[in-house]
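Residue numbers (my numbering), protein chains in the order written: chain A, 1 to 434; chain B, 1001 to 1434.
Backbone N, C-alpha and C fix where the C-beta goes; we use that ideal spot for every residue, glycine too.
This one's a predicted model, so the numbers in the text were calculated from it and none came from an experiment.
Inspection log for the structure reproduced underneath, given as structure tokens.
2 protein chains.
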Amino acid sequence: MRLVIVGGVAAGMSAAARARRLDPSLEIVVLERGAHVAWAACGLPFYLSGRVARLDDLILFTPERFQRERGVLVRTGAEVTAIRPARRQVVLRGGEQISYDRLILATGARPRRDIAGAELPHVFTLHTLEDGRRLRSFLDEQRPRRAGVIGAGYIGLEIADALSERGLEVTVWEARPWVLDRQDPELTQLLERRLAERRIELRLGTAVSGIEPGSVQGVPAEVVVIAAGLQPNVELAAEAGIELGRFGAIRVNDRMETNLAGVYAAGDCAETTHVVTGGPVYLPLGTTANKMGRVAGANAAGRRERFGGVAGTLIVALRELAIAVTGLSVAQARQAGFQPVSVRIEAPDRSRYLGSRPTWVELVADRNTSRLLGGSVVGEKGVAGRINVVATALAAGMTLEQFAQLDLAYTPPLAPVRDPLLVAANELNKVLAS
Amino acid sequence: MRLVIVGGVAAGMSAAARARRLDPSLEIVVLERGAHVAWAACGLPFYLSGRVARLDDLILFTPERFQRERGVLVRTGAEVTAIRPARRQVVLRGGEQISYDRLILATGARPRRDIAGAELPHVFTLHTLEDGRRLRSFLDEQRPRRAGVIGAGYIGLEIADALSERGLEVTVWEARPWVLDRQDPELTQLLERRLAERRIELRLGTAVSGIEPGSVQGVPAEVVVIAAGLQPNVELAAEAGIELGRFGAIRVNDRMETNLAGVYAAGDCAETTHVVTGGPVYLPLGTTANKMGRVAGANAAGRRERFGGVAGTLIVALRELAIAVTGLSVAQARQAGFQPVSVRIEAPDRSRYLGSRPTWVELVADRNTSRLLGGSVVGEKGVAGRINVVATALAAGMTLEQFAQLDLAYTPPLAPVRDPLLVAANELNKVLAS
């Protein structure tokens, strides 16, 4: 039995590791077209800012080490150019054919760059290690003072903040009138104010028509980074007759099975299910890729495991400020057919007498069922933990009444006696009761 | 209609505030025997260490302010000496009688001090503002160099660390062979090592028979603090015929009703329900007192609300180190009739390339049902957030499989791509599958 995995970053390597653990006799081959496997893409903005000193620090392990320790054949520079499902073969650039019994597609995604001027020498994306090397060299050597970032999703915001940390003045363009792909005007305003203090200007609701040498839309920018979303790498799959889903990524069931027998997909190339709506969603994130990869690897190795889907949890760390969302915003909840009610509160993140700082918590619930639908947290401390509590409640399908009674940790230096989450829940309960 | 509330700290003031909000016409009287209401008992160790400069910083609001802003009559120095349920009256020291339509008992708890020598002038407890004032004055004036702390529950540990932060050498005695009232040898060892680095020595499994001037059990100690647990203040209730529960605190149902019509109890004087065992539990904590007080206040004001109980979440912050537990330990789970399996893992608290520090996560699940039963988290960052995720999962009755798929936040500076919680869950799933 041979398992072939196409793609060796997050989902692919998780799948390989899991399959190996469950079936020591399986022959496993990872085909990665790049030079590296298992590297931390999410660390790139921190290499840009200088907080990660060396690009090599982002490489979690080498192909050689993975091969030695796990007994998985890892081939880099191995680009699959075709899948032949009828023959159960993949074809590599150069013509080599490799047959498989099971196939996992973990082909990832690539940054959208369909903007005029994207090919100019001062325009970058930040998606691969090579991207990181090129952009940081450019910054170190050219010493630009003004930057443009196209896209105010989490990657765009992290890049903008990293550039600002390096001393650049930054303008961020976003076609939609809000940040983080979340139609939430208050969250957007909250962030806008904080970023302005760092000389990061948000230009929202402004599609960039083109990039000129030295400027974007008339605003000077000696360096430009495009972070306008990801596009799943599905060409190989589509040509092989593998079905795509509503968002253009590979459609899989909860076992990560595609429509072709023995062919799985996982990670940024595939859609998954949203735990709140129950419907499909495309949210390419490292954690999700790892989880999907694990499930694909387990099933490809003969287990029967399911992936329950995602809540859409996302956190952005902009130096000491963190912004996190999970589940549905009010607008998304309405689109999904719920009758959302929401509150947003500001509350101290720990006991006031120990120097608390404000935290903002938004909760969204369904008026009919009182079910919690989503939330956001902004603050300096405890943001990841608080959004995770909301994400856990979403996965459990909790009502707001249940949520309001959670037994959350209290100690004055870390959390106040009434946790901001519970303050928000009690406020939203009042709205529901009215 | 008059609502009388006996006790004006956490539960009492929460009850008063909630009842007032729900029924603006209700006459509400709070009777507090001390000089202050609504003060933050949990802040006392931080006053000891000096991180809270003034004792007044721990007073959240004055009786006058509460009276002015909420229209609640708050009487301090008003000690209730008897309840006469047949006449619906309480009697104050001095003989004054106050009649009630509804009565909420929020009489709190007091530190156990049944140790020979407890009355010596160098022996303290830390339960009231006056306790805090006396102990800090003693430390400031007498400048002791060696301290003894009796009890290694969360209060004892916080006091020990505060004294150590002031430069004292500290010995902590605990009658049981473990810390935090949790029969968990590994957690105890983990803590023991860390405390030893701060010149805090734990003497476990050692009941203190008596305190001598200048020493405890032959170990020099110029100052001694007794933190050997809390005893609920139930004498008033018991004399009035109010039933006590298994742990000697007032027995209430999920509406905070005692066995006497119209009489409620909430906070440290009452028992509550454990969300994992479904059985009664006595866990006197500030957050629980607030929640119970809110429910008592709502029901006394004519609403019908329920309190779902507690998971037993507890966190102790010892400078940068935090220790948190929730739900059942292995030993507690076994006693409760489960077949517990558990793992404890050490994992980085954020991405390694951003200077991660170790976090220890223990998860306990039931072998038969795979239901999550409890957990503990030790580390420097993110401990409160992580234990809260476990507490949320416990309240929801999640299985380990569900838990392992939680969509937790990931960003390199705050949380690693595989959160320690999920690393632990995956490890425990392997144990369950074996």
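- A Cβ-Cβ separation of about 6 Å places SER1351/B in contact with GLY43/A under the 8 Å criterion.
- Residue burial is scored here from C-beta neighbours: PRO121/A has fewer than 16 other C-beta atoms within 10 angstroms and is therefore classed as exposed.
- By the Cβ criterion, the segment 1213-1232 of chain B is in contact with the segment 1143-1155 of chain B, since at least three pairs of Cβ atoms, one from each stretch, lie closer than 8 Å.
- Taking C-beta separations shorter than 6 Å and ignoring five residues to either side along the sequence, the partners of ALA333/A in its chain run PRO340, VAL364 and LEU373, following chain order.
- For ILE1059/B, the closest C-alpha among the options GLY1308/B, LEU1129/B, GLN1067/B and SER1099/B is that of LEU1129/B.
- The DSSP-derived three-state label of TYR264/A is strand.
- Distance from ARG1182/B to SER1329/B at the Cβ level is roughly 5 Å; contact confirmed, criterion being Cβ atoms closer than 8 Å.
- With the criterion set as a beta carbon lying under 9 Å from some beta carbon of chain A, the members of the segment 1307-1336 of chain B are PHE1307, GLY1308, GLY1309, VAL1310, ALA1311, GLY1312, THR1313, LEU1314, ILE1315, VAL1316, ALA1317, ARG1319, ALA1322, ALA1324 and THR1326, in sequence order.
- In this structure, ALA249/A places its C-beta atom within 8 Å of the C-beta atom of CYS269/A.
- Residue contact with chain A for PRO1413/B: present (Cβ-Cβ distance below 8 Å to some residue of chain A).
- In the assembly as shown, LYS1291/B is a buried residue. Its beta-carbon has 16 or more other beta-carbons within 10 Å.
- Counting of Cβ neighbours within 10 angstroms places GLY77/A among the exposed residues, the total staying below 16.
- The beta-carbon distance between ARG1070/B and ALA1017/B, rounded to whole angstroms, is 6 Å. This is short enough to meet the 8 Å contact definition.
- Among the residues of chain B, those whose CB is under 7 Å from the CB of ASN388/A are GLY1385, VAL1389, LEU1408 and ALA1409, following chain order.
- Using a CB distance cut-off of 8 Å, ARG1304/B does not count as an interface residue toward chain A.
- Taking C-alpha positions only, LEU432/A is separated from ARG386/A by approximately 22 Å.
- According to the DSSP secondary-structure assignment, VAL1378/B is paired through a beta bridge with ILE1323/B and TRP1360/B.
- By the beta-carbon neighbour count (other beta carbons within 10 angstroms, threshold 16), LYS1430/B is exposed.
- As a beta-bridge residue in DSSP terms, ALA1317/B pairs with ALA1322/B.
- Residue pairing by DSSP leaves TRP1178/B without any beta bridge partner.
- Within the DSSP secondary-structure output, GLN231/A pairs in a beta bridge with ARG110/A.
- At a cut-off of 8 Å between beta carbons, THR125/A makes no contact with chain B.
- If you check the CB distance, ALA1106/B and ILE1200/B do not come in under 8 Å.
- DSSP places GLY1132/B in the helix class (H, G or I) of the three-state scheme.
- Assigned with DSSP and collapsed to three states, SER1049/B falls in helix.
- Following the DSSP letters along the chain, one finds ILE1387/B inside the alpha helix (DSSP H) bounded by residues 1383-1396.
- Cβ-Cβ distances below 6 Å link LEU354/A to PRO412 and PRO413 in the same chain, with the five nearest sequence neighbours on each side left out; the list follows chain order.
- For VAL275/A, the CB contacts under 7 Å within the same chain, skipping 5 residues up- and downstream, are GLY308, GLY309, VAL310, ALA311, LEU394 and ALA395 in chain order.
- Within chain B, no C-beta atom comes less than 9 Å from the C-beta of SER376/A; the nearest is roughly 12 Å away.
- Contact annotation: ALA227/A and LEU126/A have beta-carbon atoms nearer than 8 Å.
- Judged by DSSP secondary structure, THR1076/B falls outside any alpha helix (DSSP H); it is assigned neither H nor E.
- If you look at PRO1185/B, you'll find it in the alpha helix (DSSP H) that goes 1185-1196.
- The beta carbon of THR1081/B lies closer than 6 Å to those of VAL1091 and ARG1093 in the same chain, with the five residues before and after it left out.
- Interface with chain B (8 Å Cβ-Cβ cutoff): VAL417/A is included.
- When rounded, the separation of the alpha-carbon atoms in TYR100/A and LEU1406/B is 32 Å.
- The bridge partners DSSP lists for GLY148/A are THR171/A and VAL224/A.
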